[in-house]
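Inspection log for the structure reproduced underneath, given as structure tokens.
So, in structure tokens, the structure goes:
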């Protein structure tokens, strides 16, 4: 199955991480939502790769999110099955409710970010669920 996904991550303490070509980013403790595409041949198996990076079973750093994952805990995953390219629209909708981490995860598009922050898990989860739920209805 293919589509788009949003990983909701928890970060228990402030951390400064060098993220590929972006450079150093200071991540406050709280919750982060990373929106990505699972429209390639592996589909939603990409999520399993992210979990492997998070658990230390995969040390390859291919995407910006790979630098944050080893420091975070996975709190939730929200998926939308679709063949349409809705990754950017989902990120935009989440960004309407949460703080964008500039240039993160969006080197192949013009979005301000595909990673968003909130100090509240409840607010983060609500924003992500709403974004995914409303996507197909509104398009």
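Residue numbers (my numbering): 66 to 204.
Glycine included, C-beta positions come from ideal geometry on N, C-alpha and C.
Limits of the alpha helix (DSSP H) - the one that residue i falls within
i           : result
residue 147 : Counting along the chain, residue 147 falls outside any alpha helix (DSSP H), and DSSP gives it neither H nor E.
residue 111 : 110 to 120
residue 131 : 130 to 133
Coarse secondary structure for residue i, derived from DSSP in three states
i           : result
residue 204 : coil
residue 188 : helix
Residue interval of the beta strand (DSSP E) (run including residue i)
i           : result
residue 98  : 95 to 103
residue 180 : 180 to 183
Buried or exposed by the 16-neighbour rule on C-beta atoms within 10 Å, applied to residue i
i           : result
residue 79  : exposed
residue 161 : exposed
residue 66  : exposed
Residue i - partner residues in DSSP beta bridges
i           : result
residue 143 : 71
residue 81  : 91
residue 164 : 182
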